[in-house]
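Numbering-wise, this note's numbering puts 522 at position 160 of the sequence shown, and it's gapless, one number per residue. Yeah, the Cβ is synthetic: ideal placement off N, Cα and C, and Gly gets one too. Just so it is clear, the structure is predicted and the values come from calculations on it, not from any experiment. For reference, the structure is listed below as structure tokens.
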Amino acid sequence: MDIGFIGLGSMGRGMAANLLRAGFGLRLWNRSPGKAQDLVRDGARLMEHPRDVAAASGMVVTMLSDDAALREVVQGEHGIGRQLGEGGIHLSMSTVSPQTAQELAALHAARGTHYVAAPVFGRPDAAAAAKLFVLCAGPQAARQAVMPALQAMGQRVFELGDDAAAANVLKLSGNFMLMAAIEALAEAITLGERYGLPRERTVEVLTQSILPAPVMVNYGRQIAQHSYQPAGFKLSLGLKDADLVLGAARKAAMPMPLAQLVQGRLLSALACQRGDMDWSAAAIGVSEDAGLSVPPAKHD
Ligand code: NAP
363 MDIGFIGLGS
373 MGRGMAANLL
383 RAGFGLRLWN
393 RSPGKAQDLV
403 RDGARLMEHP
413 RDVAAASGMV
423 VTMLSDDAAL
433 REVVQGEHGI
443 GRQLGEGGIH
453 LSMSTVSPQT
463 AQELAALHAA
473 RGTHYVAAPV
483 FGRPDAAAAA
493 KLFVLCAGPQ
503 AARQAVMPAL
513 QAMGQRVFEL
523 GDDAAAANVL
533 KLSGNFMLMA
543 AIEALAEAIT
553 LGERYGLPRE
563 RTVEVLTQSI
573 LPAPVMVNYG
583 RQIAQHSYQP
593 AGFKLSLGLK
603 DADLVLGAAR
613 KAAMPMPLAQ
623 LVQGRLLSAL
633 ACQRGDMDWS
643 AAAIGVSEDA
653 GLSVPPAKHD
């Protein structure tokens with residue numbers, strides 16, 4: 363089966379490669395065409411406009427940075443919207459707002475096409491290794507149709523019903539937990555440092571006793587070593603997600619004071635030119651607030 367794939371960033375490149383490996387034919391589009399080179403060498407076709415990747419009644423995967431990019435690729439002058447045709451499926455895997463998911467789902471339904479939301483947990487290394495966790499919601503028949511593609515990209519698919527927005531809400535809840543964990547790790551490590559404990563020792567003890575979670579181990583190591591480059595998940599995108607969490611909370615009339623604190627931390631890091639570092643670089647602000655110097659950027 364041929365699939366359209368749009369968005370070859372840090373995540374999209376590995377995901378598209380796994381679809382090719384699983385035997386799907388791929389028509390690609392990326393704003394910066396150079397990023398498609400390896401995939402084209404492996405048999406994918408690079409198209410001129412987003413709409414060119416869409417075939418009548420076919421499937422198009424999108425993995426783009428944010429709501430604006432997604433809307434442009436669907437509704438813009440050269441968007442996939444009209445091209446998909448009756449019965450076509452848009453498998454939308456970016457982290458976007460529940461509201462955008464709902465609006466695009468309605469737009470697709472009005473055109474006789476289907477919108478399936480499938481945001482993911484896992485960083486670029488997990489995307490490359492087909493180890494993503496996928497949160498999937500949308501019309502049931504369409505969910506079934508996209509399952510082989512999702513299974514080629516992920517280690518597990520969680521189905522969340524017919525309302526596309528549900529998958530995006532859960533994705534935002536997960537990212538909220540991660541950004542809060544980064545802040546908590548940074549504060550705990552820095553408190554230890556102020557009392558003379560080596561940063562890595564704090565992480566070692568906490569992750570081998572009360573918090574033996576891979577997320578704590580991996581972010582703990584990065585934060586202990588102040589190692590934030592190259593970015594797995596760019597801090598600017600992390601701030602986008604903090605904004606989305608607070609937007610969703612505002613709509614639900616629900617205060618999220620912890621999310622507000624972390625949003626401020628990320629915003630301050632952006633102002634300090636850290637937007638292209640990994641989002642765990644928010645931890646630098648914790649050290650600075652404690653009057654501790656941070657060694658020059660380390661690379662992994
Ligand atoms: P990325 O490396 O910054 O890639 C973003 C992609 O979006 C690129 O293909 C980029 O094109 C494209 N894009 C941005 N603005 C555009 C526009 N206006 N029009 C058309 N294309 C546009 O980001 P990523 O890390 O792959 O993340 C992609 C999505 O996955 C985001 O929603 C992110 O929140 C989510 N996510 C990321 C991770 C992670 O660890 N990185 C994990 C889970 C989910 P160019 O190549 O031309 O810049």
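So is residue i buried or exposed if we call it buried at 16+ other beta carbons inside 10 Å?
i, result
"residue 572", "exposed"
"residue 596", "buried"
"residue 584", "buried"
"residue 504", "buried"
"residue 506", "exposed"
"residue 523", "exposed"
"residue 545", "buried"
"residue 535", "exposed"
"residue 420", "buried"
"residue 541", "buried"
"residue 613", "exposed"
By Cβ distance below 6 Å, which residues in the same chain neighbour residue i in space, the five residues on each side in sequence not counted?
i, result
"residue 633", "none"
"residue 407", "389"
"residue 490", "376"
"residue 621", "538, 607 and 608"
"residue 392", "370 and 398"
Give me, in chain order, the residues of the same chain whose beta-carbon lies closer than 8 Å to that of residue i; leave out the 5 immediate sequence neighbours on both sides.
i, result
"residue 516", "482, 484, 492, 493, 494, 495 and 496"
"residue 422", "365, 366, 367, 368, 415, 416, 442, 446, 450, 451, 452 and 453"
Consider the C-beta atom of residue i and the heavy atoms of ligand 1; say whether any pair is separated by less than 8 Å.
i, result
"residue 434", "yes"
"residue 612", "no"
"residue 428", "yes"
"residue 530", "no"
"residue 561", "no"
"residue 389", "no"
"residue 457", "yes"
Since I believe residue j is in contact with residue i (beta carbons under 8 Å), could you give me their beta-carbon distance rounded to a whole number of angstroms?
i, j, result
"residue 457", "residue 533", "6 Å"
"residue 479", "residue 500", "6 Å"
"residue 373", "residue 486", "6 Å"
Output needed for residue i: all residues of its chain with C-beta closer than 7 Å, excluding positions within five of it in sequence on either side, in chain order.
i, result
"residue 460", "527, 530, 531 and 610"
"residue 488", "494"
"residue 642", "544, 581, 584, 585 and 590"
"residue 413", "440, 441, 442 and 445"
Sorry if obvious, but does the Cβ on residue i come closer than 8 Å to a heavy atom of ligand 3?
i, result
"residue 484", "Ligand 3 is not part of the structure shown, which contains ligand 1 as its ligands."
Per the contact definition of three or more C-beta pairs closer than 8 Å, is the stretch 622 to 629 in contact with the stretch 561 to 580? no
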